[in-house]
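Notes follow the structure.
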Amino acid sequence: MADITKDMTIGEILTVNPGIAPILMAAGMHCLGCPSAQGETLEEAAMVHGLDVDELMKQIKAL
67 MADITKDMTI GEILTVNPGI APILMAAGMH CLGCPSAQGE TLEEAAMVHG
117 LDVDELMKQI KAL
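Using the numbering used here, you'd call the opening residue of the sequence shown number 67 and step up by one each time.
Structure (structure tokens):
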């Protein structure tokens with residue numbers, strides 16, 4: 067499995083591992099299928115939602 071990075075788009079992350087969706091949903095990223103998710107990196111999305119991207123990465127890597 068490819069490594070997930072904060073520079074990947076939400077769409078890329080979900081393609082690599084759809085099991086990450088619940089983590090993102092729990093963090094408040096409810097629009098995983100919207101056009102922004104296809105072009106927005108995890109880091110950008112975290113910033114927009116006021117989240118700590120490093121904390122999200124810890125949760126993702128814990129899977």
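C-beta atoms are modelled at their ideal positions from N, C-alpha and C, and glycine is treated no differently. Remember, predicted model here, so these are calculated numbers, not experimental data.
Proximity to residue i [Cα-Cα], best of the options
| i | options | result |
| --- | --- | --- |
| G94 | M113, M74, K127, P101 | M113 |
Start-to-end residues for the alpha helix (DSSP H) that takes in residue i
| i | result |
| --- | --- |
| E121 | 119-127 |
| G116 | It is not in any alpha helix (DSSP H) - G116 carries neither H nor E in the DSSP assignment. |
| M91 | 87-92 |
| T81 | 76-82 |
| G105 | 101-105 |
Contact belief for residue i with residue j at Cβ below 8 Å, rounded distance in angstroms
| i | j | result |
| --- | --- | --- |
| M74 | L117 | That pair is no contact at about 16 Å. |
Backbone CA spacing between residue i and residue j [nearest angstrom]
| i | j | result |
| --- | --- | --- |
| K72 | M123 | 7 Å |
| P84 | L98 | 11 Å |
| D120 | P101 | 24 Å |
| I126 | L90 | 9 Å |
Coil, strand or helix - residue i by DSSP
| i | result |
| --- | --- |
| L108 | helix |
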